[in-house]
Every structure is written in structure tokens, then in C-alpha cells.
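>
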Amino acid sequence: MSKKGFSRKGERRKNFSRSTRPEKITRFSTRFADASLTSNSAVEVSCEPIKLDVNKLGQYKDIAHSESAAAPEPYISPRQRLVLEYEWGASPSRKMSRLNSYALGAIIIILFGLIFLVNHPLSKSDAEGEGLVNPWKVAPDDDDPSSPAYVFVSNPYKAKLECIEAFKKFAAAKNIAAVLPHIRQGESTQALLAKRWKPWPSPPDLSSLDLCTEEIETDIKRPFLWLTGTNQDQSAIHCFFVHQDNRFVVDWEATSQLGDTSLSTLSQFPTESEITLRITLAESPYYLPTLSEKDYESYKITSFHEDTILWGYAARNSPVHQKITALLRGDAFLVESVPAARATIKLKRIDSIAGKNRFFITEMLHKDWVMP
59 MSKKGFSRKG ERRKNFSRST RPEKITRFST RFADASLTSN SAVEVSCEPI KLDVNKLGQY
119 KDIAHSESAA APEPYISPRQ RLVLEYEWGA SPSRKMSRLN SYALGAIIII LFGLIFLVNH
179 PLSKSDAEGE GLVNPWKVAP DDDDPSSPAY VFVSNPYKAK LECIEAFKKF AAAKNIAAVL
239 PHIRQGESTQ ALLAKRWKPW PSPPDLSSLD LCTEEIETDI KRPFLWLTGT NQDQSAIHCF
299 FVHQDNRFVV DWEATSQLGD TSLSTLSQFP TESEITLRIT LAESPYYLPT LSEKDYESYK
359 ITSFHEDTIL WGYAARNSPV HQKITALLRG DAFLVESVPA ARATIKLKRI DSIAGKNRFF
419 ITEMLHKDWV MP
């Protein structure tokens, strides 16, 4: 006997439709104890996991991206790494190569220019400096036969012998006529000889060449040889020689330290007019309140032929101060200054100077005593 509204065919149709639904996640199975259920009977439910398709859920791309980002770096062998490093540094190498090429090209151009100048010298007018305001004048070297110093440095021993022979004749002269052939002569030489010449005080001791020494000065316009030794009376010899008219002669004015007056005369009878003197200069620490070390440089002035001492002052940074500083200190690379140096200067006394034997040095005419 069947109940109303219930058929087996209909039940099978319902069960088939439930099993074919795509969105169904869990299945429920219900077992009934018997066909007729009471209102207080319990229902037994069971759940089973279902495997889902990732492609349908839309998360495949994100998972694939995260897996590819975490992939390990590919292995690079040492040989491949060297190749990569060489290719990486190739750009700077090409840059340096270009710079080297430019430098080589510039050197080649300069060499060709020099070759052109050698093979195509300047015209005669250009070589002589025609049309130039201040044409260059190249001074010949000492070993050049055209140099004034060549006769001194080409054979110093021969020059010394010739100077000694000239000095013997000069020292033996008893009058002006006898001394004239052996001295340097200028426009005023004979007039000065008539006023200032004196016979040589004592015969020189020249029994051996070792008893006298010579110095050759070539770093000036008029090169000279300076001979030093002693006379028979033990007095000092200071004699200067120049080359004039193809022979060595005594520079009498330099040898006699000839000036407008002597240091002793100037000390006793000072004058406000300028006085020219051949003297020896040395730095001095002696200053006065009116001539302070801040504003002036002090110098000790002496002579070979007398014991009188004068003091000269030059305003700091003045032209005369700069010349004397260069003379005493010589080469700028030398730390120590020269103790003393010969110079030809001009002195002038100023009334405001307190004390005796103090003068202003107004001009340095020449380095040493041999005038050009």
C-alpha cells in the first residue's frame, strides 16, 4: 500500500537532479530508521571533503608569479664571469684608447711643425729682430769663442800665468808712463792716474804659483780674474784683471778701490752730497731709534786698504735694498746668506741721523768693483 503523493519514480528523479548540481559542496545522506518518523527523532549528518579545481577559482596566475620570483639564480661559471666583466669594462677602455690616439696625433703634429721650422728658417729681417719692439738677444755660453768669458774659462791656467806676468810689470812700474801699458784704460784714466796713482807698496811674493790664488767671475757683463796673495812685506794682494785689446791687463781702479774719497776721509769730513765708493758690504745688527729695524736694513761698510768702518742704511723694499739683498744672499735657493760682498755704491749723509759714521745708501751702481 502506498502513501499519497509518494512514488519511487519521482524520488529517483529528485536524487539524480541533486547529484548533478555544480555548486553543491557537501552531500547529506539521511537514513531513516523506518518509513514513519516521529517528530522527536534526530537526523544524522555526515560531511566529506571535496577536491576543488584551482583554475576555476582564479588564483592560478598569482601562485605562478610568486613561484617564478622565488626561483634561484642561474649558475655562472668563472669563464662566463670573466667574459661578462671584460664586456662591462670595455667602454672605458675604448675611451682611453681614443684619448691615447688624440695624444699621439698631437705629438705627430708638433714634430712635423718643428721639422718645418728647421727646414724653413725665418727670414733675415725676422732673425735680426727687425720690426720688433724689443728683439731677443741670446747671450753666448762661456765656452763659446764669441763670449767675453771664453778667454778666461777656455784655459784658466794660461789666463793665470798671463795675469801674473802683467801684475809683475804693473807692480814694478815707478811712474805713470811705465804703468799705462799694463792697465785698463778709459776716457778718464790718465786724469785719475795723475791725481790718485801711487807706486805698489811692496814687491809681490810670486816665487811660486801656489802662493797666489785666482777666482774667475763670468756672471757679469765684464768678466774678470781676481788674484789674491801676499807681498814681501806680508801685506795683502787684491788685484783684478780684464781682457782688453787681446791681452790681460790690470783694472787699476778696481784694484785700488778707487772712489770719490776714502772711508777715513769721509768719516772725518762727512758731506751731504752723494759719494761713490768701492766697498765691502755685510749685514749688521746695529740700529738707531730713528733708524729702526722695521723700516731700514743696516749694513757694515769696510775696505781692503783701511780699518775705518762706516754704517749704511737702506729703506726696506726700496730698489737699492732689493739689489743689496740679492747680492748678499745670492741664489734664492741658498738658506745662508753671504757674509760679505764687494759692491760699488753711492752714500749720502742726512743731518737727521744722530751719531757719527752713519750714511744712507742711495744707490748700488754695480755688483763688485770691476765696472762694465
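In case it helps, our numbering puts the sequence shown at residues 59 to 430.
Note that beta-carbon positions come from the ideal geometry of N, C-alpha and C, so glycine has one too.
In this text, all values refer to a predicted model and were calculated from it rather than measured experimentally.
(1) Quick check on the DSSP output: what are the complete alpha helix (DSSP H) runs of length 4 or more inside the segment 319-363, in order along the chain?
(2) Assuming TRP427 and ARG400 make a contact with CB atoms under 8 angstroms, what is their CB distance in whole Å?
(3) Taking the alpha carbon of LYS414 as the point to measure from, which residue in GLN326, GLU330, SER246 has its own alpha carbon closest?
(4) With H, G and I counted as helix, E and B as strand and the rest as coil, what does DSSP make of THR247?
(5) Run the CB neighbour count on THR88, radius 10 Å, all protein chains shown included, and call it buried at 16 or more, exposed below.
(6) Determine whether the beta carbon atoms of MET429 and LYS381 lie at a separation below 7 angstroms.
(7) Quick one: what's got a C-beta closer than 7 angstroms to LYS358's C-beta in the same chain, skipping five residues either side?
(8) Suppose contacts are defined by Cβ-Cβ distances below 7 angstroms. Is LYS404 in contact with GLU332 by that definition?
(9) So, are the CB atoms of GLY287 and LEU269 less than 7 angstroms apart?
(10) Would you say the segment 224-243 touches the segment 298-318, given that touching needs at least three Cβ pairs under 8 angstroms?
(11) Within this structure, are the beta carbons of GLU364 and SER322 separated by less than 7 angstroms?
(12) Express the C-alpha separation of LYS352 and LEU346 in angstroms, rounding to a whole number.
(13) Taking C-alpha atoms, which residue in PRO259, LEU238, PRO257 lies nearest to ALA249?
(14) Near ALA93, what residues of its chain come up, given a Cβ to Cβ distance below 6 angstroms and the 5 sequence neighbours on each side ignored?
(15) Just how far apart, CA to CA, sit GLY171 and THR247?
Reading from the atomic positions:
(1) 321-326
(2) Residue numbering aside, residue 427 sits at position 369 when the sequence shown is read from its first letter. Residue numbering aside, residue 400 sits at position 342 when the sequence shown is read from its first letter. About 5 angstroms separates the two Cβ atoms, so the contact holds.
(3) The residue you call residue 414 lines up with position 356 of the sequence shown. Comparing Cα positions, the closest option is GLN326.
(4) As a first step, residue 247 is located in the sequence shown; it is residue number 189 there, counting from the start. Of the three classes helix, strand and coil, the one that applies to THR247 here is helix, per DSSP.
(5) Mapped onto the sequence shown, residue 88 falls at position 30. Because the pLDDT of THR88 is 42, which lies under 50, any placement of that residue in the model is unreliable, and the question is left without a value.
(6) Within the sequence shown, the letter at position 371 stands for residue 429. Within the sequence shown, the letter at position 323 stands for residue 381. Not closer than 7 angstroms, so no.
(7) Working through the sequence shown from its first residue, we reach residue 358 at position 300. Contacts found: ALA340, SER342, ILE367, TRP369.
(8) Reading the sequence shown from its first residue, position 346 is the one you call residue 404. Reading the sequence shown from its first residue, position 274 is the one you call residue 332. Contact flag set, yes.
(9) In the sequence shown, residue 287 corresponds to position 229, counting from 1. In the sequence shown, residue 269 corresponds to position 211, counting from 1. Cβ atoms of GLY287 and LEU269: closer than 7 angstroms.
(10) yes
(11) As a position in the sequence shown, residue 364 is number 306, starting the count at 1. As a position in the sequence shown, residue 322 is number 264, starting the count at 1. Their beta carbons are under 7 angstroms apart, which means GLU364 touches SER322 by this criterion.
(12) One-based indexing of the sequence shown puts residue 346 at position 288. One-based indexing of the sequence shown puts residue 352 at position 294. Whole-angstrom Cα-Cα distance: 11 angstroms.
(13) Here the question's residue 249 lines up with position 191 in the sequence shown. Comparing Cα positions, the closest option is LEU238.
(14) Numbered from 1 along the sequence shown, position 35 holds the residue referred to as residue 93. Note that ALA93 scores 43 on pLDDT, short of 50, meaning its location in the model is unreliable and no value can be drawn from it.
(15) Position 113 of the sequence shown, counted from the first residue, corresponds to residue 171. Position 189 of the sequence shown, counted from the first residue, corresponds to residue 247. About 55 angstroms.
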